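Q:
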Amino acid sequence: MDAIMSLCKRRGFIYQASEIYGGINGFWDYGPLGALMKRNLREAWWQDMIMNPAWGRRGPNGEPVRCVPVETCIIQHPRVWEASGHVGGFNDPMVDDRETKQRFRADHLCAVWNSLKLEEHHTELPRDKPFVSVIASTPGEAVAHIQSNPKLLRPYRLHGSFKVSPFDDRVWVAEASDKDATLLLLVRAVEVDEIRAHHDLIPSPFTQKRSVLTEPRQFNLMFFTYTGAVFNEDAKVYLRPETAQGIFVQFKNVVDTTRVKMPFGIGNTGRSFRNEVTPRNFTFRSREFEQAELEFFCHPSESREWYAFWRDFRMEWWKSIGLAGDNLVLREHDKDELSHYSQGTSDVEYRFPFTAPGFGELEGIAHRGDFDLTQHQKHSGARLEYFDQERGELLPNGSRRGERYIPHCIEPAAGLDRGVLALICEAYTRDESRPSPEFMKFHPRIAPIKAAVFPLVNKDGMPERAEALHAELNRRFGRQGLIETDAKQTIGKRYARMDEAGCPFCFTIDGQTMTDQTVTVRDRDTGGQTRIGIDRVAAFLSDRLGD
RNA sequence: GCGGGCGUAGCUCAGUGGUAGAGCGCUACCUUGCCAAGGUAGAAGUCGAGGGUUCAAGUCCCUUCGCCCGCUCCA
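For what it's worth, this note's numbering labels the leading residue of the first sequence as 1, then goes sequentially.
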């Protein structure tokens, strides 16, 4: 990995952000080659997901796949993030067990007190310490947890038999007995403020040891800023942690204004921000990153087929741009890994050098059901149902009655920076037998430099011929990527430089060109050469680049 | 956030409290002419940053920032 990172810097793929000021943790800039490469990846996604979705294949409904793009704002109404569940999930105070290093949500702690007088303990923390704590969001859950783990009470010689009854919403009472006595136990949630005040007295829910818990601390995973000139809570807004919500929020507008018909997809690419606790592994977990997300909407009855369709296509797609080896896997989530609303989620994963032998996620393909649209319908009050005129019973006049429903949604969500990183790792090749042992085996579609034109020597009219060919190729292919030319230094050195930049083809003008109008084509991966007519070069390239 | 390691030229790294170094790369020229050849010359560093000790700090001490590894966390 060190060799890859050093090549990235040396050749201008990826730099540390603000490096001359010492760098800033979790932020990375792309240099010239990296910026070109990332653009190529984004363009490939755009082309294969929006313009010609799934390479023109028909979907499970037998019809061509239809998708449209949107481009939505980084800053949205704060309530978007309440509806999506990001405010809440990302904003909860957390408590750490300093000993076991485990962490839990402060509002998910219940504790058990030994009690004689119920009223005393109802509203305030008793003077005597709770003797057991468990992670649970309600006292009922806590009791169930204790009952299924009777050894929690074993140090107190109380065995699993309880008589349990809810006293009210917040407090449960349990009667437990051992040989000698009957104990009244009181089970209730520990308030966040109580933990703050008494964190030393509360036993760890993991080990039941005291004096190991930290105070509840806020981990804000969303960045925030303020709109307008006044900095107060009302003006607080968040930088999006994902681009997907922009799609859901504009779903109704797209349906109302663009004649899309179910099923169809809406794609969105752009920057997202997460204030990760520990950014690590080069650009793999950055605080600012770019996503390419598609939300594909369909009738609930067809959603499983579409889920399988996109899952399989996305895997094929990553293979098609160069992640062809067994470093790429598709991993279907287990049932207990799934969100409650999801009927299936898969990750496209890549074995990065820093995750090996494990894998790191490149893209998640999730069956999200109607969760997101339902949430936004609930929170905004807007009707986000779709009226499908091709469904419902057949009417005598030949049309259909129609069906109103909230569509289900399949979400292939890719990380472009992770994609670039995976492509770089996959392309990085060492072959000590070559004069240029280090080279980048980029797929031509992704390569930042598409081709180079060299005069073999800097005389005899060769530089002029090279310059003419270079200008022609640049006019024709310049919009796809760089076309290089270089007349300085030895030919071997120039080839080697192109190898390191991952340029797939070098065309060299030599003495023979002057007599028979042919040039050599050097292949980056084999080093082998063939001759083709100089007038065939553009067609040759066009073929390889998928022009 | 915790623990460990590391920051010296674009890259890889030497450097004993006493003049800032090497290899590779880069630029120009000469030579050569199909795979990082050779020669000559050149540019490039507030030794991560800030403070302290000292006659003197890349070197010792403190703080801080960044990177790597292990925990922790992670739509």
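Ideal placement from N, C-alpha and C gives every residue a C-beta, glycine not left out.
Keep in mind it's a predicted model, so treat the numbers as computed, not measured.
#1: Pull up the distance between the alpha-carbon of Ala422 and that of His86, whole angstroms please.
#2: Could you tell me the distance, in whole angstroms, from the CA atom of Gly360 to the CA atom of Ser6?
#3: If we ignore side chains and look at the alpha-carbon of each, how far apart do Ile509 and Ala17 end up?
#4: Check Phe27 in the structure and name its three-state DSSP category.
#5: Please name the residue, chosen from Arg465, Leu541, Arg39, Arg10, that lies closest to Ile446 on a Cα-to-Cα basis.
#6: Pro407 and Leu373: beta carbons closer than 8 Å?
#7: Measure the C-alpha to C-alpha separation of Phe206 and Tyr428 and round it to an integer number of angstroms.
#8: Should the stretch 242 to 252 be called in touch with the stretch 65 to 76, which here means at least 3 C-beta pairs below 8 Å?
#9: Apply the 10 Å Cβ neighbour rule to Met462 and answer buried if 16 or more other Cβ atoms are within range, or exposed otherwise.
#10: How do the stretch 493 to 506 and the stretch 433 to 452 stand: do at least 3 beta-carbon pairs fall below 8 Å, yes or no?
#11: Quick one: what's Leu239 bridged to in DSSP?
#12: In this structure, how does DSSP classify Cys425 when only helix, strand and coil are distinguished?
#13: My assumption, with CB atoms under 8 Å, is that His367 sits in contact with Tyr307. Please give the rounded CB distance.
#14: Along the beta strand (DSSP E) that carries Gln343, what are the first and last residues, could you check?
#15: Apart from the five residues just before and just after Ile135, which ones in its own chain have a Cβ nearer than 6 Å to its Cβ?
#16: Exposed or buried, what is Trp45 when buried is set at 16 or more other beta-carbons lying within 10 Å of its beta-carbon?
#17: Helix, strand or coil: which one does DSSP assign to Phe264?
#18: The beta strand (DSSP E) spanning Tyr226 covers which residue range?
#19: Please classify Ile321: is it buried, with 16 or more other beta-carbons within 10 angstroms of its beta-carbon, or exposed?
#20: Would the beta-carbon of Arg531 be found less than 7 Å away from any heavy atom of the ligand COA?
#21: When you compare the CB positions of Arg66 and Phe264, do they come within less than 8 Å of one another, or not?
#22: Rounded to the nearest angstrom, how far is the Cβ of Phe251 from that of Val237, given a contact under 8 Å?
#23: Count the C-beta pairs between the stretch 264 to 283 and the stretch 25 to 33 that are closer than 8 Å, then say yes if the count reaches three, no if not.
#24: Put Thr513 into one of helix, strand or coil per three-state DSSP.
#25: From the DSSP output, in three-state form, read off Glu385 for me.
#26: Determine, using beta carbons only, whether Leu469 and Gly415 come nearer to each other than 8 Å.
#27: If you check the beta carbons only, do Pro357 and Cys425 fall under 8 Å apart?
#28: Measuring only the C-alpha atoms, how far is Met222 from Arg240?
#29: Drop a sphere of 10 angstroms on the beta-carbon of Gly546, count the other beta-carbons inside from all chains shown, and report buried for 16 or more, exposed for fewer.
#30: Under three-state DSSP, which class holds Thr257?
#31: In the DSSP assignment, what residue or residues form a beta bridge with Trp46?
#32: Quick check: the Cα distance between Gly364 and Glu302, rounded to an integer number of angstroms?
#33: Kindly indicate the opening and closing residues of the alpha helix (DSSP H) around Glu191.
#34: Look up Glu438 in the DSSP assignment and give the residues it is bridged to.
#35: What residues match up with Cys409 in a beta bridge as DSSP calls it?
#36: Pair every Cβ in the stretch 137 to 150 with every Cβ in the stretch 226 to 234, then say whether three or more of these pairs are closer than 8 Å.
A: Judging by the given coordinates:
#1: 28 Å
#2: 21 Å
#3: 40 Å
#4: coil
#5: Arg39
#6: yes
#7: 44 Å
#8: yes
#9: buried
#10: yes
#11: Ile75
#12: helix
#13: 4 Å
#14: It is not in any beta strand (DSSP E) - Gln343 carries neither H nor E in the DSSP assignment.
#15: Phe104, His108, Pro205
#16: buried
#17: strand
#18: 224 to 226
#19: buried
#20: This structure does not include the ligand COA; it has no bound ligands of any sort.
#21: yes
#22: Actually they do not touch by this definition, with Cβ atoms about 21 Å apart.
#23: yes
#24: helix
#25: coil
#26: no
#27: no
#28: 7 Å
#29: exposed
#30: helix
#31: Answer by DSSP bridge pairing: none, since Trp46 is not bridged.
#32: 20 Å
#33: No alpha helix (DSSP H) holds Glu191; DSSP gives it neither H nor E.
#34: Arg430
#35: Phe297, Gly369
#36: no
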